[in-house]
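Using full-length UniProt numbering, the first residue of the sequence shown is number 1, and each one after it goes up by one. Glycine included, every Cβ here is placed at the ideal spot set by N, Cα and C. One structure is given here, and the rest of the page talks about it.
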Amino acid sequence: MNVGGLRERKKQRTRDELAEAAFALAVERGLNGFTIDEVAAAADVSPRTFFNYFTSKEEAVVAHRDGAHAEFAAALAARPLDESPVEALRAAIVGRVRASSREAIREQLELLRLLRETPSLLPYLMSSFATTERLMAEVVAAHSGTDPDRDCYPRLVAACSMAALRTCYVMWEQEPRGTAKSLADAIDAAMTELGGGLPDPRDA
């Protein structure tokens with residue numbers, strides 16, 4: 001029996017449950033409408049245990065999206081190495097978004113709403129974005145024969161791709177009825193333009 005592995009899975013499960021509880025309470029009441037004690041109670045742990053995993057409610061709320069990192073990393077790793085870096089990113093991102101459930105789309109919209117209403121979430125969300133950007137840079141490096149720690153290219157492509165994603169999310173949230181298809185289409189178009197060097201629209 002792998003006791004260490006079991007212990008780590010239990011810790012991860014507790015972390016996930018705390019993050020899920022914090023996010024649900026934030027959606028229902030707003031960030032100022034609940035306490036850390038209530039988050040802990042919803043996850044059936046003590047407030048002291050909460051602080052073993054998170055430093056604040058903001059950190060716990062944003063951690064609700066952490067599970068997406070592993071899925072995204074797997075999708076990126078599955079892309080053929082003979083694809084161009086931007087094409088690999090585009091295919092992985094668009095594929096994951098198209099496969100998103102209605103619940104996942106609703107949660108994304110709720111997170112964007114919370115961010116708009118609660119600026120204190122932004123530093124924690126930017127930290128989460130940095131994790132995603134690092135994954136992107138590593139994939140770009142693998143597809144381009146560069147080093148994500150020493151070369152500018154993989155980090156520049158990853159940063160531009162994250163900027164494109166953030167732009168798409170902001171525009172998509174403003175739609176009357178955002179869907180997985182509409183978000184995927186927007187990201188597909190943005191990444192295609194990025195891969196083409198962002199040509200001047202007046203030349204079209």
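- In this structure residue 191 touches residue 90 by the C-beta definition: roughly 4 Å separates them, less than 8 Å.
- Out of 158, 182 and 63, the CA that lies nearest to the CA of residue 102 is found in 182.
- In the structure shown, residue 81 falls within a coil segment according to DSSP collapsed to helix, strand and coil.
- Contact annotation: residue 158 and residue 170 have beta-carbon atoms that are not nearer than 7 Å.
- Put simply, of 131, 185, 148 and 54 the residue whose alpha carbon is nearest the alpha carbon of residue 71 is 131.
- Within the same chain, Cβ atoms closer than 8 Å to the Cβ of residue 134 are found at 148 and 158, the five residues on either side in sequence being excluded.
- Where residue 47 is concerned, the enclosing alpha helix (DSSP H) starts and stops at 47-53.
- Here residue 16 carries a helix assignment [DSSP, helix/strand/coil].
- Counting only runs of 4+ residues, the alpha helix (DSSP H) found wholly inside the region 99-151 occupies 102-117 and 122-144, in chain order.
- Under the three-state reduction of DSSP output, residue 175 falls in the coil class, being neither helix nor strand.
- Under the three-state reduction of DSSP output, residue 203 falls in the helix class.
- Residue 151 and residue 85 have their C-alpha atoms spaced approximately 14 Å apart.
- With a 10 Å radius around the Cβ and a threshold of 16 neighbouring Cβ atoms, residue 166 comes out exposed.
- DSSP, read as helix, strand or coil, puts residue 182 in helix.
- Less than 7 Å divides the Cβ of residue 121 from the Cβ of residue 115.
- Distances from the alpha-carbon of residue 127 to those of 88, 47, 196 and 61 put 61 closest.
- Contact between residue 25 and residue 45 is absent: CB atoms are separated by about 15 Å, not below the 8 Å threshold.
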